[in-house]
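Residue numbers (our numbering): 282 to 546.
Below is one structure, written out as structure tokens; comments come after it.
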Ligand SMILES: Cc1cc2nc3c(=O)[nH]c(=O)nc-3n(C[C@H](O)[C@H](O)[C@H](O)COP(=O)(O)OP(=O)(O)OC[C@H]3O[C@@H](n4cnc5c(N)ncnc54)[C@H](O)[C@@H]3O)c2cc1C
């Protein structure tokens, strides 16, 4: 087997406090908002780097999104990934999860010789959690979802994953190639390596592919390839909050608090 090759799919998302939706188009407003790498995707990157630390191999980063994503994609490169691919084209815009997974799957096919794809468990903006399973479906390969830990057996060509559940964990084993989704906060992502950072931020480090560069059907990408219709948008009702200041000595306050809590039960 050649070098074990992992593709990590990452998405750049608006910072949670800046998420807003255009009421006309029902799409996220991305212009002028501060962004970050989707937090669970940092766990996906770390999961891949741990496997590379242990077994060698190479890591490619793949993202679909507008050109400004490029600046953020250098971060995993400075953490220890090897290549970056950004699929960016106006024709990819307006994609729902079906079109997104189709497009990313074609990107993965073009990257080629992939043994494992690692995603975050869900994005902080779309939050469907459909992309990992969708990728496995388009690629016709196995999946290990919501994993806390993943290991590989290069001889047996299998991936083993552990998912914590209430009162224990489930262990799963599937042959390569496999799509894995990393549980949020399943590990502690490392910092950028400041000796690699200058290299990661050099010109020409990112391969950008438009729709013409990959073998995609026009009616499967972007809006034409997206059967999902966002039919409405509503503000969740605010919860009524009651604030009360307790006065007195610490003992009196504790006594009052105890009575309030008993009443609330
Ligand atoms: C009608 C419609 C139109 C939309 N138009 C747009 C649009 O114009 N622009 C836009 O940005 N979004 C658009 N979206 C949102 C878009 O569908 C989702 O962002 C995308 O499909 C991913 O879904 P998710 O965020 O729920 O990912 P999840 O399934 O929750 O994400 C899980 C994991 O998949 C991976 N992943 C997800 N998205 C990407 C990506 N783009 N690149 C690489 N890895 C990824 C990450 O590892 C992530 O942690 C639209 C959605 C709808 C329904």
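Note that the Cβ used here is the ideal one computed from N, Cα and C, for glycine as well.
Contact between residue 294 and residue 319 holds, with the beta-carbon distance rounding to 5 Å and staying under 8 Å. The residues 292, 294, 319, in chain order, have a CB closer than 7 Å to that of residue 404 in the same chain once the five nearest residues on each side in sequence are set aside. The Cβ atoms of residue 487 and residue 367 lie closer than 7 Å to each other.
Segment contact: the segment 429-446 against the segment 488-507, fewer than three CB-CB distances shorter than 8 Å; contact not assigned. Per DSSP, the beta bridge partners of residue 434 are 439. DSSP places residue 323 in the uninterrupted alpha helix (DSSP H) bounded by 320-336.
Judged by DSSP in its simplified three-state form, residue 527 adopts coil rather than helix or strand.
Around residue 445, the same chain offers 429, 464 as residues with beta carbons nearer than 8 Å, after the five sequence neighbours per side are excluded.
Every unbroken stretch of the beta strand (DSSP E) spanning 3 or more residues and falling wholly within the segment 386-468 is given here in chain order: 397-401, 423-428, 430-434, 439-446, 449-456, 459-463.
Of 336, 479, 306, the smallest CA-CA separation from residue 440 is found for 336. The beta carbon of residue 466 is closer than 7 Å to those of 324 in its chain, skipping five residues each way along the sequence.
Considering only 314, 340, 360, 343, the residue with the shortest C-alpha distance to residue 479 is 360. Checking the 6 Å criterion, the Cβ of residue 375 is within range of a heavy atom belonging to ligand 1. Partner residues in a beta bridge of residue 501, as assigned by DSSP, do not exist. Among the bridge pairs identified by DSSP, residue 316 is matched with 295.
With a cut-off of 6 Å, the C-beta of residue 464 is classified as distant from ligand 1, since no heavy atom of the ligand falls inside that distance. For the pair of segments examined, the segment 303-318 was found not to touch the segment 454-463: the number of CB pairs separated by less than 8 Å stays below three. Between the alpha carbons of residue 506 and residue 385 lies a distance of about 13 Å. DSSP places residue 368 within a strand segment (E or B) once states are collapsed to three. A distance criterion of 6 Å places the beta-carbon of residue 384 beyond contact range of ligand 1, judged by its closest non-hydrogen atom. Not one heavy atom of ligand 1 sits closer than 6 Å to the Cβ of residue 473. A distance criterion of 6 Å places the beta-carbon of residue 322 in contact range of ligand 1, judged by its closest non-hydrogen atom. Distances from the CB of residue 410 to the heavy atoms of ligand 1 include at least one below 6 Å.
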